[in-house]
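J.: Residue numbers (our numbering), protein chains in the order written: chain W, 7 to 158; chain Z, 6 to 134. Even glycine gets a Cβ: it sits at the ideal position worked out from N, Cα and C.
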Amino acid sequence: MFGDLKRFDNGIGSGFDWFRPWLDEIFQEGAADIRSVPRGSFPMINVGRTDDAVRVYVLAAGLAQDDLDISVQDNVLTLRGRRDALPGEHEGDRKRPCFRRERFDGEFVRAISLPEGIDVERAEARCHDGVFEIHLPKREELKPRRIDIQAA
Amino acid sequence: MNEVTRHEAQANVPARERRSRAMRPPVDIYEENDALFVVADMPGVTREGLNVEVDGNLLSIEGEIRIDMPEGLTATYAEAQAQRYERRFTLSHEIDTAAIEARLENGVLHLRLPRKERHRSRRIEIKAA
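Spelled out as structure tokens, the structure:
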């Protein structure tokens, strides 16, 4: 399924834990997935799974319900959107002094490979406080089936 | 002096009480109209989980990420690897720390740090001779 997580290339970031992934990079051959993005990109994405679904959490601060475009095609989940970091900045002639600009500003696209067997018709998404939760249920017949052990 | 004692106190705290790992939220800082503005990305933080504090001239912003996750969820890929955000700034003496305003919207924290009255830029009137 998500077996080959190494395909998600993580470039050297400015976080405190840059050292370990940097070492990983040195000791493995690097052939990153063509759709991968450097670490620390906007938005941050976490993916998890339960027995009956895959859940994708998109941490996109500043975005509300209509600001993110979510689509699925051929087992690829694509997120598209635009984030204006400082709305109103371009108004007026006077440019205000900016001491620091770290937040992402502009359009973004993220693509995530999904495992086989997602029931796209039943997919749902909701958002709150800049976090989008995407619920991707697996097709009924593909859920893991527990096998009961009968007494001999 | 205060910095030293605070650091020592934390070293004696047992491991399980020590603060958990935190992410550093990206910020934009700009100045306009006699005030400094700090904008920080803290997606997943609600008003209840947000803590903005000023201690002397140290401004700290902390936020707990509140996301409901189902039981039995296994993580397969995570770019956000901590449950909270934390960042600190040293403020200069010209900031009126008692008048700091904070607003949280869609996971973005907006802080307005006004400068003290007497530190505001003042135009000097030129009187006719």
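For P103(W), which residues in chain Z fall below 7 Å Cβ to Cβ?
T.: In chain order: Y35, E36.
J.: By Cβ distance, which residues of its chain are closer than 8 Å to L120(W), with the 5 residues on each side in sequence left out?
T.: Answer for L120(W): V60, V78, N81, V82, L83, L142, listed in chain order.
J.: Give a yes or no on whether the minimum CB-CB distance between D10(W) and chain Z is below 8 Å.
T.: Legend: pLDDT at D10(W) = 44, less than 50; position of this residue unreliable, no value from coordinates given.
J.: By how many angstroms is the C-alpha of F114(W) removed from the C-alpha of F14(W)?
T.: The predicted model places F14(W) with a pLDDT of 49, which falls under 50 and marks its position as unreliable, so this point remains unresolved.
J.: Quick check: is the beta carbon of I57(Z) nearer than 8 Å to any beta carbon in chain W?
T.: Before going further, note that residue 57(Z) is Val rather than Ile in the sequence given. Chain W, which has no Cβ nearer than 8 Å to the Cβ of V57(Z), makes this no.
J.: For G94(W), which option in S25(Z), E37(Z), R26(Z) has the closest C-alpha, if you only look at C-alpha atoms?
T.: Nearest option by C-alpha distance: E37(Z).
J.: Could you tell me which residues DSSP pairs with V53(W) in its beta bridges?
T.: DSSP lists V62(W), Y82(Z) as partners of V53(W).
J.: Quick one, which of A134(Z), A107(Z), D39(Z), I66(Z) has its alpha-carbon nearest K121(Z)'s?
T.: When each option's Cα is compared against that of K121(Z), the closest is D39(Z).
J.: Do L65(W) and V137(W) come within 8 Å of each other at the CB atom, strictly closer than that value?
T.: Yes, they are a contact pair.
J.: By how many angstroms is the C-alpha of D46(Z) removed from the C-alpha of L116(Z)?
T.: If you take the alpha carbons of L116(Z) and D46(Z), they lie about 12 Å apart.
J.: With DSSP as the reference, label R145(W) as helix, strand or coil.
T.: Three-state DSSP puts R145(W) in coil, outside helix and strand.
J.: Assuming contact is defined by CB atoms lying nearer than 8 Å, are D73(Z) and E108(W) in contact in what I supplied?
T.: Not in contact: D73(Z) and E108(W) (Cβ atoms no closer than 8 Å).
J.: Can you confirm whether I76(W), when its beta carbon is compared against all beta carbons of chain Z, has any partner nearer than 8 Å?
T.: Chain Z contact via Cβ: absent.
J.: When we look at the beta-carbon of N56(Z) and count the other beta-carbons within 10 Å, is it buried (16 or more) or exposed?
T.: Exposed: under 16 other Cβ atoms inside 10 Å.
J.: Count the other CB atoms, across all protein chains shown, that sit within 10 Å of the CB of I66(Z); report buried if there are 16 or more and exposed otherwise.
T.: I66(Z) comes out buried.
J.: Can you tell me whether T95(Z) is helix, strand or coil according to DSSP?
T.: Correct three-state label for T95(Z): strand.
J.: Give me the Cα-Cα distance between D57(W) and L114(Z), rounded to the nearest whole angstrom.
T.: If I take the Cα positions, the gap works out to 36 Å.
J.: Quick one: is T56(W) near chain Z, going by C-beta distance under 8 Å?
T.: Closer than 8 Å to some Cβ of chain Z, the Cβ of T56(W) qualifies, so yes.
J.: Rounded to the nearest angstrom, what separates R125(Z) and L41(Z) at their Cα positions?
T.: Roughly 12 Å separates the two Cα atoms.
J.: When burial is assigned at 16 or more other CB atoms within 10 Å of the CB, is A67(W) buried or exposed?
T.: A67(W) should be labelled buried.
J.: Residues in the same chain with beta-carbon distance under 8 Å from G112(Z), minus the five sequence neighbours each way, listed in chain order, please.
T.: Cβ within range, chain order: D46, M47, P48, G49, V50.
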